[in-house]
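Residue numbering for the sequence shown follows full-length UniProt numbering, starting at 1 and increasing by one per position. In this text, a Cβ means the ideal position worked out from N, Cα and C, and glycines have one as well. Report on the structure given below.
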Amino acid sequence: MVSYVDFLRGQVDLVPLLERLAQNRGILRIESPGEDFEVERLLIARGAPATDDIAAPSAMRLRSDPGRIRYPRQWLAGFSHALDEIQTQLQLLPGLAVQNHPDAIRTLFDKTRCHAHLLAQGVAVPRVLLSIHSYDQLLESMRGAQLSRVFVKLNGGSSSSGVVALSTTGPRPLGLTSLELVRQRGTARFYNNLRLRHYDREHDLRTILDFLLGQGAHVEEWLPKASQADRNFDLRVVTFAGQACHMVVRTSRSPLTNLHLGNRRGDLAALRQSAGARWKIVPQLCEQAAAAFPAALYVGWDLLVTPGFRRAVILEGNAFGDLLPGVEHHSRSTYQQAIASSLTTNLAASICVKNAKGSS
1 MVSYVDFLRG QVDLVPLLER LAQNRGILRI ESPGEDFEVE RLLIARGAPA
51 TDDIAAPSAM RLRSDPGRIR YPRQWLAGFS HALDEIQTQL QLLPGLAVQN
101 HPDAIRTLFD KTRCHAHLLA QGVAVPRVLL SIHSYDQLLE SMRGAQLSRV
151 FVKLNGGSSS SGVVALSTTG PRPLGLTSLE LVRQRGTARF YNNLRLRHYD
201 REHDLRTILD FLLGQGAHVE EWLPKASQAD RNFDLRVVTF AGQACHMVVR
251 TSRSPLTNLH LGNRRGDLAA LRQSAGARWK IVPQLCEQAA AAFPAALYVG
301 WDLLVTPGFR RAVILEGNAF GDLLPGVEHH SRSTYQQAIA SSLTTNLAAS
351 ICVKNAKGSS
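This is the structure:
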């Protein structure tokens, strides 16, 4: 196992490790960088040449501020650079198998790139507004596209970080988000929070959305979700080797369904039964999306169905989306399924690139 901290600090040489792995007919698994502050700081520093939002030495002097969203564009550039380095080393070992290849991770992790790739492959996805960099430009583009509701999502965000559900249907724009805006000595700071907040003051909305859009954000149509037991829902479906396997229904009374926000799992069996023959669109669409990423052994797909199962779309893909505790498919957990899918290609051993705390 190799920690991200050791890798990013240049304290480990991957080549001999990967050579030994290849000799043992093993497989490389790359885990999420996670929420480790030292990893965050190192990735921001590594991304400095690409964006220069903050110089690398200054990035390394950042102090821990739990939950704060800082330099997400530069963080994403740093993560992409780290993946490039892994990919370069993998090119020296063409026979080594990789569960999720760096190229696939890079595309899946960037919401705008992922959406464009899926669209090009004919996968059903929401409408998007492209090249939006400010709050005023967003409102103008929404009017031009006749969209009154959109989701704004940080390109490299995860777990609802940097997501705003924006509606202009009322007398003034309203944003719903888990992002907390803190003003301190004339400076705006942004934090992830488990409590959803409504922002309807234009000054606050402009500050939040100018920040997100300026850092690189994906803007998509806010489609209506189907409901179960009077709660909106979407699905997380994990595909392995192109096959839809593990599924979770995520229900909420708000537009944001992430389970860590206090939302609940729905009844998958009841949903399948009520959908009847229309259910087949769920695995079919996820498997079509998975086919667009042949270099990814597993992907967690967020799938939305509209009321009455009239339409289904892929909202996004997660290259690290196989964490579904307590969910089994044919008596296998997601991690057992990953091993089984690997073994079908005669792969046995594995090493991981993980964050400093060893969590995914």
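Sheet register partners of residue i (DSSP bridge)
| i | result |
| --- | --- |
| I314 | L303 |
| V128 | E220 |
| R231 | Q228 |
| A188 | R183 |
| Y298 | F240 |
| R265 | R250 |
| A174 | Note on residue identity: the sequence assigns Leu, not Ala, to residue 174. L174 is bridged to S167. |
| H329 | R332 |
| K153 | V163 and H218 |
Whether residue i touches residue j by CB criterion (8 Å)
| i | j | result |
| --- | --- | --- |
| E19 | L93 | yes |
| A270 | A296 | no |
| T169 | S148 | yes |
| P307 | A226 | yes |
| I44 | Y71 | yes |
| L213 | L138 | yes |
| L8 | L96 | no |
| A292 | H117 | yes |
| V305 | G321 | no |
| V248 | L324 | yes |
| T251 | R236 | no |
| I69 | G162 | yes |
| A290 | G242 | yes |
| A340 | P283 | no |
Residue burial classification, residue i (beta-carbon count within 10 angstroms, cutoff 16)
| i | result |
| --- | --- |
| N258 | buried |
| L129 | buried |
| V238 | buried |
| S80 | buried |
| H330 | exposed |
| N100 | buried |
| P33 | buried |
| L166 | buried |
| residue 429 | As displayed, the chain neither begins before 1 nor continues past 360, which places residue 429 out of reach and without an answer. |
| D302 | buried |
| residue 381 | The chain is shown from 1 up to 360; residue 381 falls before or after that span and cannot be answered. |
| R41 | buried |
Supposed contact pair residue j and residue i - C-beta distance, whole angstroms, cut 8 Å
| i | j | result |
| --- | --- | --- |
| L174 | H198 | 6 Å |
| E220 | R127 | 7 Å |
| K280 | A217 | Contact flag wrong, Cβ pair sits at about 34 Å. |
| request: Pair every Cβ in the stretch 270-281 with every Cβ in the stretch 189-208, then say whether three or more of these pairs are closer than 8 Å. | output: no
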